[in-house]
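>
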Amino acid sequence: MSKAMSLISELAYAGQRPKDSILKAMNETGKKSVGCFPIYTPEELIYAAEMLPVGMWGGQTVGTLADRYLQGFCCSIMKANTEQALLGQYDFLSAVIVTAYCDTLKCMIENWKIASPQLNLIPMVYPQNRKIPAGKEYLRDEFLRVKKELERISGKKITDQEIQKSVDLYDEYRRTMQEFSDLVKDYPDMLKAKTRHLILKASYFMDKRIYTEKVRELILELSKLPRENAFGRKKIILSGLIAEPDGILDIMTENGMVVVADDLAHGARQFRTIAPDTGDGLNRMVERVAMQDGCAFLYDEKKTRAAMLIQMKEKYQADAVIVCQMKFCDPEEFDYPIIKKELEGAGIPSLYIEIEQQMDSLEQLRTRIQSFSEMLA
Amino acid sequence: MEHQKTSKQLLGELLDKHYADALHAKAEGKPVAWSTSIAPQELLETMGIHAVYPENHAAAIGARKHAQEFINHSEGKGYSVDICSYARVNLAYMDIQQCEAANIPLPDLIFCCNNICNTVIKWYENIAKELNVPMILFDPPFNHEYEISDQNVKYIKAQILHAITRLEEITGQKFDYDRFREVMKISSETSRWWKKASLLACAKPSPLNGFELFNYMAIIVCMRGTKEGLELFKLWHDELQEKKEKGVGPWKDGEEKYRVMWDGIACWPYLGDTYKVLKKYGINMVTSTYPDSWYIVYDENDLDGMARAYSSNYVNRNLAFGTDNIIGIVKDFQLDGIIYHSNRSCKLMDFRQFEVQRKVEASTGVSSVIFDGDQTDPRAFSLAQFETRIQALVEMMEAKKRMGGAFYE
Ligand code: SF4
Ligand code: SF4
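If you're matching them up, the sequences are chains A and B in order.
The first sequence lines up with residues 4 to 380 when you count with the numbering used here.
The second sequence lines up with residues 19 to 427 when you count with the numbering used here.
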């Protein structure tokens, strides 16, 4: 196996086994871990506190425990998270940060305080008016509050310098991910849609420094290899919250599709905006949030997401956009009609698929993806 | 001699006037805003910008049984059946612009306050985008702590000041702080009388048939900052006070046997049907979470107080507060039961309901049921299921009465 292939399988494996990977990372680094709810959390602060930020984006768990708190029309990610919390599967975490981007998340904060008090919940609100001075000040205050909580939990003071260093590391991680993501179009066989997804996913369960180094190495190894023949593949941009169940990605591959870029909350939205180099670490974090646009969870008066997708289509010479709509995720559901209209206006083909994280049959989606692919041919 | 109008007559007239004035303003080239229901309307009123309220308008469309055609239109544009039905109705109205129930002019400005939910951010963003009009967003952060923190107040207050600057830019007019003070005063006064009137339903029997709250709510939303609004609630209060003194109950042709609270929004397309089912069993809905939602009270010229007040409504508060709030209502209104509306539209209200129900029951012993419905989507409600739930509630309330009532007594 080539060096590139072994790195790929190592990372994909880590993405496939969240809990094992986290426990392994905790073991190797001797660090505690802090759970991070979607969509964005101040991971930089957790890292500066010498703990591991780990992602909590649902999972495959289905059950009935969560029914005690949630009606059937709650998104599958939060049902899975709640189910797992009630099963005690998160008890190894030292704390959990829950943010309030949507109405469902506001309720999660409240239910979890009661359902899983042992998890040391840290509720947090990102301001929606994030571009005006008052919003920036508010976000800084929120970061400071969370910082204090993290200090309490870790028993360690977080210095300004540590935050700066952590933000630098996250910059490096984000740049690396952008580079990696851009490579996929040249290596569509090694980086099939699902593999790509699992490699990105691994970032949520590993120490960010180690993860970034590995991806750097992978980029280097790939650059030594000749480009793969991508002829005849359909270049796809994914948009939405998360491309799971990942079986849909296999279906895309089977139908000759390659994911050349994404606008997924779980994917590129985590790394497409880099912190500017102004002021202290906290200030850089605040400014980064202010800069990020085109996201369903951050107020955007100009609603630039569709325009951004159109630009991405140009940049990556993509053939189509596939919108992965997590059922019951209303912020994303509200964006779709506008995206649809603008993509249609620009003559860009798009496919809308509604998914639930634990859906048992993908047959209907298979048919739709297949006919979409035929249409693109 | 002119006959004194009843508050009900006045209510109808004021609502007609509210819609007519908006259309008139638009025709004269004056700016019109679309606003969420618990937004600092004081700023618009001060600037003389006519506001209309899509939630109220959508409710009116629903109550007049016109919602389905609008919902179909939105779903045809790609809006999911799972999003708030007010949004689905309104986003279609934006295109169709015609409904027998009531008409509103298109906005020149979007005025959005997410203290009721984050859904409105998305909904109003889309209007602003589609109509290419400016949007002002107030973002009172969700209060996961029991009280409203100073940090939140500081941020909201700064947003009020920012909004004033933006309104000045958009209209090219100076903001009149004297007029603002006056409007602040009227708005708080109106809120006080709204609550004072609705509290008269604490009397046994209640002089108020609580479904009327749903009607009067239109004015506390749309005309809170006006003298006419204030006068209406004073009049309504006096009428109820008189009934209370005479010991008159909610209905001429029936006796109040049970007193319940309705949690959540009405099912507008089935307003009459749900009312009849309750009345059939002698159930008077004496209150809901509405009286407090528009109790937006602060001292004149106190921007901190105003900021705090706009973050105080219960949906923006944590679960412990929401629970205590309902426990207080159970006691104050001497409730026999609670009807929780699991409203397919409103995730923020729904996803805390189960736990609130358990906590309220544990603390007060009050009987309760949850039914599935929707505020405006007629497809998400079944009258038969509703009646079955109500029968179950009656049985529980009866059993409890036989055992000597709820714990609070
Ligand atoms: S509704 Fe969407 S953003 Fe909110 S918790 Fe569910 S998946 Fe996440
Ligand atoms: S019904 Fe709920 S989701 Fe819809 S606008 Fe009102 S508060 Fe928001």
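Cβ coordinates follow ideal geometry from the N, Cα and C atoms, glycine included.
What would DSSP say about T305 of chain B, mapped onto helix, strand or coil?
strand
> Can a CB atom of chain B be found closer than 8 Å to the CB of C77 of chain A?
yes
> Taking 7 Å as the cut-off, is the CB of E73 of chain B close to at least one heavy atom of ligand 2?
yes
> Does the structure place the stretch 253-272 of chain B close enough to the stretch 203-222 of chain B that three or more beta carbon pairs sit under 8 Å?
yes
> Would you kindly work out how many angstroms separate the C-alpha atoms of D39 of chain B and M153 of chain B, rounded to a whole number?
If you draw a straight line from the Cα of D39 of chain B to the Cα of M153 of chain B, it is about 22 Å long.
> Closer than 7 Å from C-beta to any heavy atom of ligand 1: which residues, in chain order?
A:P41, A:I42, A:C78, A:I80, A:M81, A:Y104, A:C105, A:T107, A:L108, A:M111, A:L244, A:F300, A:M329, A:F331, A:C332, A:D333, A:P334, A:E335
> Since I145 of chain B and P125 of chain B should fall inside the 8 Å C-beta cutoff, what is the C-beta to C-beta distance between them, to a whole number of angstroms?
7 Å
> When the Cα atoms are used, what is the spatial distance from L225 of chain A to A7 of chain A?
Whole-angstrom Cα-Cα distance: 6 Å.
> Kindly identify the DSSP beta-bridge partner or partners of F389 of chain B.
B:H359
> Output, in sequence order along the chain, the residues in the stretch 161-185 of chain B whose CB is closer than 7 Å to any CB in chain A.
H162, Q169, Y173, A176, Q177, H180
> P126 of chain A by DSSP, collapsed to three states: which one?
strand
> D106 of chain A versus chain B: which residues are under 7 Å apart at the beta carbon?
The answer, in chain order, is C135, N136, T137, K365, L366.
> Identify each residue in the stretch 368-381 of chain B for which the Cβ-Cβ distance to at least one residue of chain A is less than 7 Å, and report them in chain order.
From the stretch 368-381 of chain B, only D368, F369, R370, F372, E373 have a Cβ closer than 7 Å to chain A.
> By the criterion of Cβ-Cβ separation under 7 Å, what are the contact partners of K109 of chain A in chain B?
F160, L366
> What is the residue span of the alpha helix (DSSP H) that P56 of chain A lies within?
Premise fails: P56 of chain A lies in the beta strand (DSSP E), 54-58, not in any alpha helix (DSSP H).
> What residue range is occupied by the uninterrupted alpha helix (DSSP H) comprising V138 of chain B?
137-149
> Rounded to a whole number of angstroms, what is the C-alpha to C-alpha distance between H21 of chain B and Y234 of chain B?
22 Å
> Compute every distance between the C-beta of S364 of chain A and the non-hydrogen atoms of ligand 2, then say whether any falls below 7 Å.
No, the Cβ of S364 of chain A stays beyond 7 Å of every heavy atom of ligand 2.
> Three or more beta-carbon pairs under 8 Å between the stretch 345-352 of chain A and the stretch 304-318 of chain A, yes or no?
yes
> Have a look at L241 of chain A and I356 of chain A and give me their C-alpha separation to the nearest angstrom.
11 Å
> Is W312 of chain B helix, strand or coil when you go by DSSP?
coil
> Is the beta carbon of I251 of chain A less than 8 Å from the beta carbon of I358 of chain A?
yes
> Would you call the stretch 87-101 of chain A and the stretch 119-134 of chain A in contact, with 3 or more CB pairs under 8 Å?
Contact between the stretch 87-101 of chain A and the stretch 119-134 of chain A is present: three or more C-beta pairs spanning the two stretches fall below 8 Å.
> Where F127 of chain A and C110 of chain A are concerned, what is the direct C-alpha to C-alpha distance, given to the nearest angstrom?
The sequence shown places Met at residue 127 of chain A, rather than the Phe named in the question. Answer to the nearest angstrom: the Cα atoms are 13 Å apart.
> Counting pairs of beta carbons, one from the stretch 365-379 of chain B and one from the stretch 72-87 of chain A, are three or more of them closer than 8 Å?
yes
> Would a C-beta distance cut-off of 8 Å place L29 of chain B and I237 of chain B closer than the cut-off?
yes
> Could you pull the start and end residues of the beta strand (DSSP E) that H180 of chain B belongs to?
Here H180 of chain B belongs to no beta strand (DSSP E); instead the alpha helix (DSSP H) covers 168-189.
> For the beta strand (DSSP E) that H269 of chain A lies in, which residues bound it at each end?
Where H269 of chain A is concerned, there is no enclosing beta strand (DSSP E), given that its DSSP letter is neither H nor E.
> Closer than 8 Å, Cβ to Cβ, to anything on chain B: give me those residues from the stretch 330-343 of chain A, in chain order.
K330, F331, D333, P334, E336, F337, D338, Y339, P340, I341, K343
> Check whether the Cβ of Q361 of chain A lies closer than 8 Å to any Cβ atom in chain B.
no
> Looking at C-beta atoms only, is the number of pairs between the stretch 31-49 of chain A and the stretch 91-101 of chain A that lie closer than 8 Å three or more?
yes
> Report the residue from B:I356, B:M415, B:V378, B:D271 whose alpha carbon sits nearest the alpha carbon of F389 of chain B.
B:I356
> Among the residues of its own chain, which have a CB less than 6 Å from the CB of C298 of chain A, if the five just before and after it don't count?
R272
> Helix, strand or coil for E63 of chain B per DSSP?
In this structure, E63 of chain B counts as helix in the three-state DSSP scheme.
> Closest by CA to I166 of chain A, which one among A:M329, A:R369, A:N286, A:E31?
A:N286
> Chain B beta carbons: is any one of them nearer than 8 Å to that of Y43 of chain A?
No - not a single Cβ of chain B is within 8 Å of the one on Y43 of chain A.
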